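Novice:
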Amino acid sequence: AFDVLVVGGGPAGSAAAIYSARKGIRTGVAAERFGGQLHDTLGIENFISVEYTEGPKLAASLEAHVKSNGVDIMSLQKATALIPAATPGGLIEVKLENGASLHSRTVILSTGARWRKLGVPGEEQYLTKGVAFCPHCDGPLFKGKRVAVVGGGNSGVEAAIDLAGLVAHVTLVEFDAQLRADAVLQAKLRSLPNVTILTSAQTTEIKGDGEKVNGLVYKSRTDDSLHAVDLEGVFVQIGLVPNTEWLKGTLELSKYGEIVTNARGETSLPGVFAAGDCTTVPYKQIIIAMGEGSKAALSAFDYMIRLPEP
Ligand code: FAD
Numbered sequence: 211a212f213d214v215l216v217v218g219g220g221p222a223g224s225a226a227a228i229y230s231a232r233k234g235i236r237t238g239v240a241a242e243r244f245g246g247q248l249h250d251t252l253g254i255e256n257f258i259s260v261e262y263t264e265g266p267k268l269a270a271s272l273e274a275h276v277k278s279n280g281v282d283i284m285s286l287q288k289a290t291a292l293i294p295a296a297t298p299g300g301l302i303e304v305k306l307e308n309g310a311s312l313h314s315r316t317v318i319l320s321t322g323a324r325w326r327k328l329g330v331p332g333e334e335q336y337l338t339k340g341v342a343f344c345p346h347c348d349g350p351l352f353k354g355k356r357v358a359v360v361g362g363g364n365s366g367v368e369a370a371i372d373l374a375g376l377v378a379h380v381t382l383v384e385f386d387a388q389l390r391a392d393a394v395l396q397a398k399l400r401s402l403p404n405v406t407i408l409t410s411a412q413t414t415e416i417k418g419d420g421e422k423v424n425g426l427v428y429k430s431r432t433d434d435s436l437h438a439v440d441l442e443g444v445f446v447q448i449g450l451v452p453n454t455e456w457l458k459g460t461l462e463l464s465k466y467g468e469i470v471t472n473a474r475g476e477t478s479l480p481g482v483f484a485a486g487d488c489t490t491v492p493y494k495q496i497i498i499a500m501g502e503g504s505k506a507a508l509s510a511f512d513y514m515i516r517l518p519e520p
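Here it is as structure tokens:
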């Protein structure tokens with residue numbers, strides 16, 4: 211059995227594993243795809259102290275750093291169920307898709323999240339070539355250019371306000387007849403001179419020249435007419451889905467499916483901690499996930515030293 215079992219091998223899980231292993235305790239990481247969302251990321255310019263790196267490169271150095279601390283990495287392993295300890299301080303079980311089970315005195319959940327995609331032609335083809343999901347990460351790449359934000363909920367409207375300060379023009383495209391963001395955000399958005407708001411507009415295609423994005427096509431839901439917008443970037447803001455489906459009914463999740471954690475990374479289950487994009491902690495970023503992973507590991511260690519010897 212492990213002292214700490216980390217489920218998920220992205221930035222949060224890697225940091226949790228390194229901090230745990232450095233306490234000299236038996237640490238394992240089970241991850242479906244080690245590196246997580248970093249594999250979908252090209253340029254990273256906001257990982258503090260590193261001016262520029264690329265996702266796959268950062269993923270490889272994370273894995274090397276975790277390995278050099280003697281952590282047992284179990285790659286290509288998908289967790290399907292978490293079974294709380296039968297007695298306080300007993301072993302927690304994590305079931306894997308391959309039928310095996312892992313046991314540990316503490317568990318750190320760091321299964322991350324995935325951006326909901328539009329599923330329209332051009333979206334996959336131009337991913338990282340004009341199609342983006344994170345305004346904090348990729349906004350500056352579009353300085354002085356024209357972009358669209360698809361989605362009129364809070365994250366879409368926040369993204370549009372944020373981008374309007376950087377880019378030449380923002381078109382906000384909302385499927386519904388009205389925006390769903392908070393009134394104060396909508397008022398702020400409407401006050402900006404370089405923003406166009408389109409409602410009842412269904413994005414049907416992202417266009418490009420083969421190399422990068424050069425336009426977006428939407429269908430008016432009032433008269434079915436098609437319209438083209440010339441632009442250089444499209445930010446898709448229609449939801450971030452945490453990878454926590456397998457935990458439903460086991461511990462407390464928010465209405466968005468995020469694992470509810472407190473300031474110490476504790477979940478509603480004793481001995482189970484969580485960190486990164488799968489939790490309620492706001493602002494889903496690499497450096498935040500790493501900080502939270504480190505914190506969860508220190509909390510798990512604090513919890514463990516108070517347990518009776520098995
Ligand atoms: P993830 O990176 O999502 O890792 C989750 C891990 O859990 C993976 O190993 C996954 O395989 C595993 N997993 C999931 N479910 C299971 C399961 N059931 N069993 C076992 N393992 C499981 N952030 C920045 O700071 N700067 C940027 O420039 C930046 N650019 C981005 C660009 C794109 C296109 C995307 C998608 C994200 C970007 N982000 C950026 C956000 C950043 O990638 C995330 O905030 C960060 O990766 C979150 O780390 P995490 O460890 O919480 O989760």
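Positions in the sequence shown are counted from 1; adding 210 to them yields the UniProt record's numbering.
We put the CB at the ideal spot given by N, CA and C, even for glycine.
Keep in mind the model is a prediction, meaning the values are calculated, not measured.
#1: What does the alpha-carbon distance come out to for the pair Ile283 and Leu389?
#2: Counting only the same chain and skipping the five closest in sequence on each side, list residues whose C-beta sits under 7 Å from that of Ala378.
#3: Is the beta carbon of Val453 sitting closer than 8 Å to the one on Ala323?
#4: Evaluate Ser464 with the Cβ neighbour count: other Cβ atoms within 10 Å of its Cβ, from every protein chain shown; 16 or more gives buried, anything less gives exposed.
#5: Following a CB-centred definition, is Glu273 positioned closer than 7 Å to any heavy atom of the ligand MG?
#6: Can you confirm whether the segment 492-500 touches the segment 218-228 when touching is taken to mean that 3 or more C-beta pairs between the two stretches lie within less than 8 Å?
#7: Could you tell me whether any non-hydrogen atom of the ligand FAD is closer than 7 Å to the CB of Leu248?
#8: For Glu421, which option in Glu333, Leu319, Thr263 has the closest C-alpha, if you only look at C-alpha atoms?
#9: Could you tell me the boundaries of the alpha helix (DSSP H) in which Tyr513 lies?
#10: Any heavy atom of the ligand FAD closer than 7 Å to the beta-carbon of Thr297?
#11: Could you tell me whether any non-hydrogen atom of the ligand FAD is closer than 7 Å to the CB of Thr263?
#12: Give me the Cα-Cα distance between Arg326 and Gly449, rounded to the nearest whole angstrom.
#13: Is the segment 478-487 touching the segment 311-321 in the sense that three or more CB pairs, one from each, lie closer than 8 Å?
#14: Around the C-beta of Pro350, are 16 or more other C-beta atoms found within 10 angstroms, so that it is buried, or is it exposed?
#15: For Lys426, which option in Ala270, Glu442, Asp434 has the closest C-alpha, if you only look at C-alpha atoms?
#16: Where DSSP assigns a beta bridge to Lys429, which residues make up the other side?
#17: Check whether the Cβ atoms of Pro331 and Pro480 lie closer than 8 Å to each other.
Specialist: This is what the structure holds:
#1: 45 Å
#2: Excluding sequence neighbours, Ala378 sits near Gly354, Lys355, Arg356, Asn404.
#3: Residue identity differs from the one stated: residue 453 is Asn in this sequence, not Val. Contact flag set, yes.
#4: Ser464 comes out exposed.
#5: Absence of the ligand MG is noted for the structure shown, with the ligand FAD being the only ligands found.
#6: yes
#7: yes
#8: Glu333
#9: 496-514
#10: no
#11: It does not: the Cβ of Thr263 is nowhere closer than 7 Å to a heavy atom of the ligand FAD.
#12: So the alpha carbons of these two residues sit roughly 5 Å apart.
#13: With three or more CB-CB distances shorter than 8 Å, the segment 311-321 counts as touching the segment 478-487.
#14: exposed
#15: Correcting the residue type first, residue 426 is Leu in the shown sequence and not Lys. Among Ala270, Glu442, Asp434, the Cα nearest to that of Leu426 belongs to Glu442.
#16: The bridge partners DSSP lists for Lys429 are Gln412, Leu436.
#17: no
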